[in-house]
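Participant:
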Amino acid sequence: MPRQNPPDTHPARLSLISRHLAPVYPINTPYTVERLPDTIDTSLLPKTQSRSFSASPSKMTSQPPHPTLLIPGPIEFDDAVLQSMSHYSESHVGAGFVATFGETLFMLRKLFQTSDPAAQPFVLSGSGTLGWDLVAANLIEPGEDVLVLGTGYFSDGFADCLRVYGANVTELKAPVGTKPQLPEIEKALSEKRYKAITVTHVDTSTGVLSELQHLSALVHRVSPDTLIIVDGVCSVACEEIAFDAWGLDGVVTASQKAIGCPAGLSISMFSGRAMEAVKNRKTPPAAYFASMRNWTPIMQNYEAKKPSYFATPSPQLIHALHTALSQILSKPLADRFAGHKATSDKVKKAIADLGLKQVAANPDEQAHGMTAIYLPEGVKGADLLPILAKKGVVFAGGIHKEIATKYIRFGHMGVSALDPKRKDIDHALKALEESLAEVTDLREEVQGEPASTGPQVLLVATLCIVADGPEQPLLIPRFYMLLDPTNQAEALVRQRQLCRAAIETGVWEARA
Numbered sequence: 001m002p003r004q005n006p007p008d009t010h011p012a013r014l015s016l017i018s019r020h021l022a023p024v025y026p027i028n029t030p031y032t033v034e035r036l037p038d039t040i041d042t043s044l045l046p047k048t049q050s051r052s053f054s055a056s057p058s059k060m061t062s063q064p065p066h067p068t069l070l071i072p073g074p075i076e077f078d079d080a081v082l083q084s085m086s087h088y089s090e091s092h093v094g095a096g097f098v099a100t101f102g103e104t105l106f107m108l109r110k111l112f113q114t115s116d117p118a119a120q121p122f123v124l125s126g127s128g129t130l131g132w133d134l135v136a137a138n139l140i141e142p143g144e145d146v147l148v149l150g151t152g153y154f155s156d157g158f159a160d161c162l163r164v165y166g167a168n169v170t171e172l173k174a175p176v177g178t179k180p181q182l183p184e185i186e187k188a189l190s191e192k193r194y195k196a197i198t199v200t201h202v203d204t205s206t207g208v209l210s211e212l213q214h215l216s217a218l219v220h221r222v223s224p225d226t227l228i229i230v231d232g233v234c235s236v237a238c239e240e241i242a243f244d245a246w247g248l249d250g251v252v253t254a255s256q257k258a259i260g261c262p263a264g265l266s267i268s269m270f271s272g273r274a275m276e277a278v279k280n281r282k283t284p285p286a287a288y289f290a291s292m293r294n295w296t297p298i299m300q301n302y303e304a305k306k307p308s309y310f311a312t313p314s315p316q317l318i319h320a321l322h323t324a325l326s327q328i329l330s331k332p333l334a335d336r337f338a339g340h341k342a343t344s345d346k347v348k349k350a351i352a353d354l355g356l357k358q359v360a361a362n363p364d365e366q367a368h369g370m371t372a373i374y375l376p377e378g379v380k381g382a383d384l385l386p387i388l389a390k391k392g393v394v395f396a397g398g399i400h401k402e403i404a405t406k407y408i409r410f411g412h413m414g415v416s417a418l419d420p421k422r423k424d425i426d427h428a429l430k431a432l433e434e435s436l437a438e439v440t441d442l443r444e445e446v447q448g449e450p451a452s453t454g455p456q457v458l459l460v461a462t463l464c465i466v467a468d469g470p471e472q473p474l475l476i477p478r479f480y481m482l483l484d485p486t487n488q489a490e491a492l493v494r495q496r497q498l499c500r501a502a503i504e505t506g507v508w509e510a511r512a
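Take the sequence shown: its position 318, counted from the start at 1, is 318 in the UniProt record's numbering, and no numbers get skipped.
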């Protein structure tokens, strides 16, 4: 017997939710066709501002002292962006917020470089990963084929998400630190009809940058019906993305990386062709909150500065995003991309001068908003990162399962990369050089005769687990005492070194 749908109670529920807004104009939702009267001039809706925020990034931060966050996102934020978060509470369908959200969506079109009215921006509450769900739940139907270009941890995650929604996924993987090459991709596209191809523009697990323009041209030539979907979480606003010119069908990203807004917003842009794929699905999307059918009229109404409701957005985050986008678009995008490249070149030269190698070995495949750095032989991220943190710099450890303990990740996006007065990059490079020297000295002490003449410490066989990268826990013995009570921070680093030496050599005694 066919399943009978229950009576539609949504309009009544929504009218109860929004009755406090009377006499605000009727609210449009996915469940009703109500629209504002044509006689109302929505261009006159006032924009609410609690204070004036600069469209240009501040040159010196007024934030409380804190370690400089230089991971591949979240990043350091400009003062004006953070101040926007303190906007007073307001209705998410009030005239002022609606105007701000509408301007934000319009600015996203400029950032993605699209003027196609059929293209559709989305801003939802969630992380960048929510963008994967939008693609998998809306553009792909169960049983359809998707080609995933594998460049690391995050392309693997995209593939896993697609499988959850029933897609048949083919992964074209490259060795660690590289990307699939165009001839391989052309061969794969020639052998099977794919509904979509996905590419991670910058995979932050490896620092590999995938080139989009020639890839898109190849797909349009060999498999013109295949949708081209880009994971741009760590590339939007620091790597060029010409949405219209390159013929892209979808780009998903997040607020907390190069866009320079606190985490919490999933941001995406889809082409008219992609939106038609959503409209013409044979089966309903296997999602509710992530259903583009539910969100499309909401986004369209917000952009038209008409109040609308499906689920509550975050007004404070939208205000912060509005400020961040205003700052980005206050200068030519080409200048922004060039600035990130200049900072990237500076970082990569300094890394090479230290004798270190990058995970992404080919210069043409190296991201400009982050750098994945191989550590010297025998040094692990867990050895180096605490020393860097003592110097006020926070880098990220490795997350690629094949090399997790062998490298670290240095993020250089947004204000840290573009505001020279902050000195974030110079400070980080100096701290890295000093920290490498310190950890090397500690290794030499462990391997040779220790410089200290303190008491011997017996390492006992009671073991504890210390996280040392994904799927690679490190078992270390507990100490009866700190090695140097007068300097506990250094003692902890020394303790870890002695533990490693004990485990590797099987010698369960070491000198402090």
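Just so you know, even glycine gets a beta-carbon here, dropped at the ideal spot from N, CA and C.
Excluding the five sequence neighbours on either side, which residues of its own chain have a C-beta within less than 6 Å of the C-beta of LEU149, listed in chain order?
Facilitator: LEU172, PRO180, VAL199
Participant: The beta strand (DSSP E) spanning PRO284 covers which residue range?
Facilitator: First-last for PRO284: undefined, no H or E at that position.
Participant: Could you check the C-alpha separation between SER210 and ASP231 for me, to the nearest Å?
Facilitator: 10 Å
Participant: Let's test the definition: count the other Cβ atoms within 10 Å of the Cβ of TYR194 and tell me whether it reaches 16, buried, or not, exposed.
Facilitator: Buried is the label assigned to TYR194, since at least 16 other Cβ atoms lie within 10 Å of its Cβ.
Participant: Using DSSP with H/G/I as helix, E/B as strand and the rest coil, what is residue 521?
Facilitator: This structure cannot speak to residue 521, because the chain is shown only from 1 to 512.
Participant: Keeping to the same chain, check which residues put their C-beta closer than 6 Å to that of GLY247; ignore five residues upstream and five downstream.
Facilitator: SER216, HIS220
Participant: How is MET269 classed by DSSP in three states: helix, strand or coil?
Facilitator: strand
Participant: Return the CA-CA distance between ALA341 and PRO72, expressed in angstroms with no decimal places.
Facilitator: Here the sequence assigns Lys to residue 341, which means Ala is not the residue at that position. For LYS341 and PRO72, the distance between alpha carbons rounds to 15 Å.
Participant: Just list the beta strand (DSSP E) runs in the segment 78 to 152, keeping only unbroken ones of 3 residues or longer that don't cross its boundaries, in chain order.
Facilitator: 120 to 125, 145 to 150
Participant: Please report the distance separating the alpha-carbon of ASP116 from that of ARG109.
Facilitator: 9 Å
Participant: Give the DSSP-derived three-state secondary structure of PHE410 in the structure shown.
Facilitator: strand
Participant: Can you name the residues that DSSP bridges to TYR374?
Facilitator: TYR407
Participant: Would SER92 pass as a contact of PRO315 if the rule is Cβ separation under 7 Å?
Facilitator: What sits at residue 92 in the sequence shown is His, not Ser. Yes. Within cutoff.
Participant: Does the distance from the C-beta atom of LEU317 to that of LEU265 stay below 7 Å?
Facilitator: yes
Participant: Which two residues bound the contiguous alpha helix (DSSP H) that contains LEU325?
Facilitator: 315 to 328
Participant: Do you know how far the Cα of GLY378 is from the Cα of PHE112?
Facilitator: 43 Å
Participant: Which word fits GLU240, buried or exposed, when buried means at least 16 other C-beta atoms lie within 10 angstroms of its C-beta?
Facilitator: buried
Participant: In chain order, what residues of the same chain lie with their CB nearer than 6 Å to the CB of ILE17, ignoring the 5 residues before and after it?
Facilitator: Summary for ILE17: the model assigns pLDDT 34, below 50, so the residue's position carries little reliability, and this model does not support an answer.
Participant: Answer with buried or exposed for GLY182, where buried requires no fewer than 16 other C-beta atoms within 10 angstroms of its C-beta.
Facilitator: This sequence places Leu at residue 182; Gly is not what is there. Residue environment for LEU182: exposed (fewer than 16 other C-beta atoms within 10 angstroms of its C-beta).
Participant: Do you know offhand how far ASP419's Cα is from LEU82's?
Facilitator: If I take the Cα positions, the gap works out to 16 Å.
Participant: Determine the extent of the alpha helix (DSSP H) in which residue 513 is found, giving its start and end residues.
Facilitator: It is not possible to answer for residue 513, since the shown part of the chain is limited to 1 through 512.
Participant: THR206: buried (16+ other C-beta within 10 angstroms of its C-beta) or exposed?
Facilitator: buried
Participant: Round the Cβ separation of GLY272 and ALA137 to the nearest angstrom and send it over; I've been treating them as touching at under 8 Å.
Facilitator: Between the beta-carbon of GLY272 and that of ALA137 there is about 19 Å, and that puts the pair past the 8 Å contact cut.
Participant: Locate the beta strand (DSSP E) running through GLU303, then write down its first and last residues.
Facilitator: No beta strand (DSSP E) holds GLU303; the alpha helix (DSSP H) holding it covers 292 to 303.
Participant: Which one or two residues does DSSP pair with THR440 in a beta bridge?
Facilitator: Looking at the DSSP assignment, THR440 forms no beta bridge with any residue, so it has no partner.
Participant: What separation, rounded to the nearest whole angstrom, lies between the Cα atoms of ALA254 and PHE122?
Facilitator: 11 Å
Participant: Going by the DSSP bridge assignment, what does THR204 pair with across the sheet?
Facilitator: In DSSP, THR204 forms no bridge with anything.
Participant: Using alpha carbons as the reference points, say which of LEU384, ILE267, THR204, TYR302 lies closest to MET413.
Facilitator: With distances taken between Cα atoms, MET413 lies closest to THR204.
Participant: For the alpha helix (DSSP H) containing ASP353, list its first residue and its last residue.
Facilitator: 333 to 353
Participant: Between which two residues does the alpha helix (DSSP H) holding ALA217 run?
Facilitator: 213 to 222
Participant: Opposite GLU433 in the DSSP bridges: which residues?
Facilitator: Paired residue(s): none; GLU433 is not in a bridge.
Participant: Taking DSSP as the reference, what is the three-state secondary structure of LYS173?
Facilitator: strand
Participant: Check each candidate in GLY152, VAL146, ILE185 and name the one with the smallest Cα separation from GLY166.
Facilitator: VAL146
Participant: Take GLN256 as the anchor and find which of PHE243, ALA237, GLY250, ASP244 has the nearest alpha-carbon.
Facilitator: ALA237
Participant: Put PRO473 into one of helix, strand or coil per three-state DSSP.
Facilitator: With a pLDDT of only 40 at PRO473, under 50, the local geometry of the prediction cannot be trusted, and the value read off the model is given with reservation. In the three-state scheme derived from DSSP, where H, G and I count as helix and E and B as strand, PRO473 is classed as coil.
Participant: I'd like to know whether the C-beta of GLY414 is nearer than 7 Å to at least one C-beta of chain D.
Facilitator: Within the model displayed, chain D is absent; a lone protein chain is all it includes.
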